[in-house]
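K.L.:
Residue numbers (our numbering): 3 to 397.
Where is the CB? At the ideal position from N, CA and C, for every residue including glycine.
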């Protein structure tokens, strides 16, 4: 893709010119990570990072696999840079997670008179849960539908626009990014995606959000639908395998349609999503449904953030952080997930997640989740019960 080669050249130019700009008396601060701001323009440059360390006790039962061996992991260890020069913004991050190091967000965004364009490696425009940063999601893992339907990052080009009530985004994509910073594709898949959101601020101060999205993919070698039920340290439940050579047949392409809704009212919030993905290629054109409903309450009185320009949740910043002598912010939450894999002969999957979050500082929190999952297939049952803890920092 010629556009991606141009993006790589522009990224290199940005990285080489930013240090020179910073040296010209830019103002340094820790907010909380290192940041340099131009005193005369909106240009800036900063370091980004996040680290999540997880502990889990897993009670696993399945006739198909043994219990997982690991009870701890570095779930995420990101390091990267972000900066803006004029209308051009750069984000480049790498996940140094020991078991699966890989590039994550690597893209350039150019602000136009109306909207902006982005080129690089970024997520397809689907699911409020997936679009919300992992720094700000309520539970340690997102809802089942995001992994079952493979909502992920790909190399591509997209357009973004928003006003006071709506946000609209759309993009065309190639394959997933190879394990390097050359913006090279790891496979020959391709696709397109789009998302529309609407929100309103009501007289009582509450925020209502509605959204819909679509994604179409052409596969290179088919696809496999699988998920670790709400806990990354658990095992995968049985997968619906539509890769090349599978007994079920190889999937040539898929269409994903998704709906989302959310409410924030004071310290209470609620969020729900539903998605259906159909496959073309296997006999009968199988279709799969998944969705969830979740809700939470912040016991210490703060309000969950919302970013209207992109239609996603923001974070929770404690009114009285531990560093100021306070107790931080405390949140309780619950989520019920469902997935129907009947067209693959795999029955249904259900999970229930209960969570308690302690927001120690704006950039640090402790998460506790209990996740009970069951896969009810026609001829067998798999179960996963997990108690897990996360220590998280990010900036």
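1. Below 8 Å between beta carbons: does that hold for residue 66 and residue 240?
2. What do you reckon, are the CB atoms on residue 236 and residue 70 nearer than 8 Å?
3. Along the alpha helix (DSSP H) that carries residue 150, what are the first and last residues, could you check?
4. Do you know how far the Cα of residue 145 is from the Cα of residue 52?
5. Under a three-way DSSP split, which group does residue 56 fall into?
6. Beta-carbon within less than 7 Å of residue 398's beta-carbon, same chain only, minus the 5 sequence neighbours each way: which residues are those?
7. Given a cut-off of 8 Å, decide if residue 219 and residue 248 are closer than it, judged by their beta-carbon atoms.
8. Following the continuous alpha helix (DSSP H) through residue 304, name the residue where it begins and the one where it ends.
9. Cα separation between residue 2 and residue 68?
10. Thinking just about the alpha-carbon of each residue, which of 130, 159, 32 is nearest to the one in residue 311?
11. According to DSSP, simplified to helix, strand and coil, what is residue 390?
12. Can you tell me the Cα-Cα spacing of residue 105 and residue 206, whole angstroms?
13. Please state the DSSP three-state secondary structure of residue 333.
14. Where does residue 1 sit, in a helix, a strand or coil, going by DSSP?
15. What span of residues does the alpha helix (DSSP H) with residue 132 cover, start to end?
16. Between the segment 289 to 305 and the segment 268 to 280, are three or more C-beta pairs nearer than 8 Å?
17. Per DSSP, what kind of secondary structure is residue 344 in: helix, strand or coil?
18. Tell me whether the beta-carbon of residue 116 lies closer than 8 Å to the beta-carbon of residue 98.
19. Does DSSP put residue 66 in a helix, in a strand, or in coil?
20. Roughly how many whole angstroms lie between the Cα atoms of residue 123 and residue 188?
21. Assign residue 4 to one of two classes, buried (16 or more other C-beta atoms within 10 Å of its C-beta) or exposed (fewer than that).
22. Mapping DSSP to helix, strand and coil, what is residue 324?
23. Cβ of residue 317 within 8 Å of Cβ of residue 49?
24. Let me make sure I understand the geometry here. Which of 90, 72, 47, 268 has the alpha-carbon closest to that of residue 82?
25. Going by beta carbon distance, what residues of the same chain come within less than 6 Å of residue 297, once the five residues before and after it are set aside?
26. Identify the continuous beta strand (DSSP E) that holds residue 91 and give its terminal residues.
27. Kindly indicate which three-state DSSP category residue 116 falls into: helix, strand or coil?
28. Select from 299, 341, 35, 327 the residue whose C-alpha is nearest the C-alpha of residue 228.
29. What separation, rounded to the nearest whole angstrom, lies between the Cα atoms of residue 125 and residue 107?
30. Please tell me whether residue 232 and residue 255 are closer than 8 Å, where the distance is taken between their beta carbons.
31. Between which two residues does the beta strand (DSSP E) holding residue 231 run?
32. Residue 365: buried (16+ other C-beta within 10 angstroms of its C-beta) or exposed?
33. Could you check the C-alpha separation between residue 258 and residue 243 for me, to the nearest Å?
34. By the DSSP assignment, the beta strand (DSSP E) with residue 36 in it spans what residues?
35. Which residues mark the beginning and the end of the beta strand (DSSP E) in which residue 277 is found?
36. Around the Cβ of residue 1, are there at least 16 other Cβ atoms within 10 angstroms (buried) or fewer (exposed)?
P.N.:
Taking the definition as stated:
1. By one-based count along the chain shown, residue 66 stands at place 64. By one-based count along the chain shown, residue 240 stands at place 238. Yes, the pair counts as a contact, with Cβ atoms nearer than the cut-off.
2. Along the chain shown, one-based indexing puts residue 236 at 234. Along the chain shown, one-based indexing puts residue 70 at 68. Against a cut-off of 8 Å, the Cβ pair of residue 70 and residue 236 comes out as a contact.
3. Here residue 150 refers to the residue found at position 148 of the chain shown. Its alpha helix (DSSP H) spans residues 146 to 150.
4. Taking the chain shown and counting its residues from 1, one reaches residue 52 at position 50. Taking the chain shown and counting its residues from 1, one reaches residue 145 at position 143. Straight across, the Cα-Cα distance linking residue 52 with residue 145 is about 21 Å.
5. As a position in the chain shown, residue 56 is number 54, starting the count at 1. Three-state result, residue 56: strand.
6. The displayed coordinates of the chain run from 3 to 397. Any statement about residue 398 would go beyond what the structure contains.
7. Here residue 248 corresponds to residue number 246 of the chain shown, with the count starting at 1. Here residue 219 corresponds to residue number 217 of the chain shown, with the count starting at 1. No.
8. For the purposes of this step, residue 304 is identified with residue 302 of the chain shown, where counting begins at 1. Residue 304 -> no alpha helix (DSSP H), and no H or E assigned at all.
9. Any question about residue 2 goes unanswered here, given that the chain covers just 3 to 397.
10. Along the chain shown, read from residue 1 onward, the residue named residue 311 stands at position 309. When each option's Cα is compared against that of residue 311, the closest is 130.
11. Position 388 of the chain shown holds residue 390. Correct three-state label for residue 390: strand.
12. For this step, residue 105 is matched to residue 103 along the chain shown. For this step, residue 206 is matched to residue 204 along the chain shown. For residue 105 and residue 206, the distance between alpha carbons rounds to 43 Å.
13. As a working mapping, residue 333 is identified with position 331 in the chain shown. Strand, per DSSP.
14. It is not possible to answer for residue 1, since the shown part of the chain is limited to 3 through 397.
15. Here residue 132 refers to the residue found at position 130 when the chain shown is read from its first residue. Per DSSP, the continuous alpha helix (DSSP H) segment holding residue 132 begins and ends at 130 to 133.
16. Counting C-beta pairs closer than 8 Å gives three or more between the segment 289 to 305 and the segment 268 to 280, which meets the contact rule.
17. The sequence position of residue 344 within the chain shown is 342, counting from 1. Here DSSP, grouped into helix, strand and coil, assigns residue 344 to helix.
18. As a working mapping, residue 116 is identified with position 114 in the chain shown. As a working mapping, residue 98 is identified with position 96 in the chain shown. Cβ atoms of residue 116 and residue 98: not closer than 8 Å.
19. Within the chain shown, residue 66 is the residue found at index 64, counting from 1. In the structure shown, residue 66 sits in coil (DSSP, three-state: anything other than H, G, I, E or B).
20. Along the chain shown, one-based indexing puts residue 123 at 121. Along the chain shown, one-based indexing puts residue 188 at 186. Rounded to whole angstroms, residue 123 to residue 188 spans 12 Å at the Cα level.
21. Counting from 1 along the chain shown, the entry for residue 4 is found at position 2. Residue confidence for residue 4 is low, a pLDDT of 43 falling below 50, so the modelled location carries little weight; the figure read from the coordinates is stated next. With fewer than 16 other Cβ atoms within 10 Å, it is exposed.
22. In the chain shown, the residue the question calls residue 324 occupies position 322. In the structure shown, residue 324 sits in a helix (DSSP, three-state: H, G or I).
23. As a working note, residue 317 is residue 315 in the chain shown. As a working note, residue 49 is residue 47 in the chain shown. Not in contact: residue 317 and residue 49 (Cβ atoms no closer than 8 Å).
24. By 1-based counting over the chain shown, the position of residue 82 is 80. Comparing Cα positions, the closest option is 47.
25. Taking the chain shown and counting its residues from 1, the one referred to as residue 297 is at position 295. Result list for residue 297: 272, in chain order.
26. Here residue 91 corresponds to residue number 89 of the chain shown, with the count starting at 1. Per DSSP, the continuous beta strand (DSSP E) segment holding residue 91 begins and ends at 90 to 97.
27. In the chain shown, the residue the question calls residue 116 occupies position 114. Correct three-state label for residue 116: coil.
28. Locating residue 228 in the chain shown gives position 226, where the first residue counts as 1. Nearest of 299, 341, 35, 327 to residue 228, Cα basis: 341.
29. The sequence position of residue 125 within the chain shown is 123, counting from 1. The sequence position of residue 107 within the chain shown is 105, counting from 1. Straight-line Cα distance between these residues: approximately 8 Å.
30. Along the chain shown, one-based indexing puts residue 232 at 230. Along the chain shown, one-based indexing puts residue 255 at 253. No, the Cβ-Cβ distance between residue 232 and residue 255 is not below 8 Å.
31. Position 229 of the chain shown holds residue 231. First-last for residue 231: undefined, no H or E at that position.
32. Numbered from 1 along the chain shown, position 363 holds the residue referred to as residue 365. By the 16-neighbour rule on beta-carbons within 10 angstroms, residue 365 is buried.
33. Position 256 of the chain shown, counted from the first residue, corresponds to residue 258. Position 241 of the chain shown, counted from the first residue, corresponds to residue 243. Straight-line Cα distance between these residues: approximately 17 Å.
34. Looking up residue 36 in the chain shown gives position 34. Per DSSP, the unbroken beta strand (DSSP E) holding residue 36 starts and ends at 36 to 39.
35. Your numbering for residue 277 matches position 275 in the chain shown. Element bounds for residue 277: 270 to 282.
36. Lying outside 3 to 397, the shown extent of the chain, residue 1 is not represented and no answer is given.
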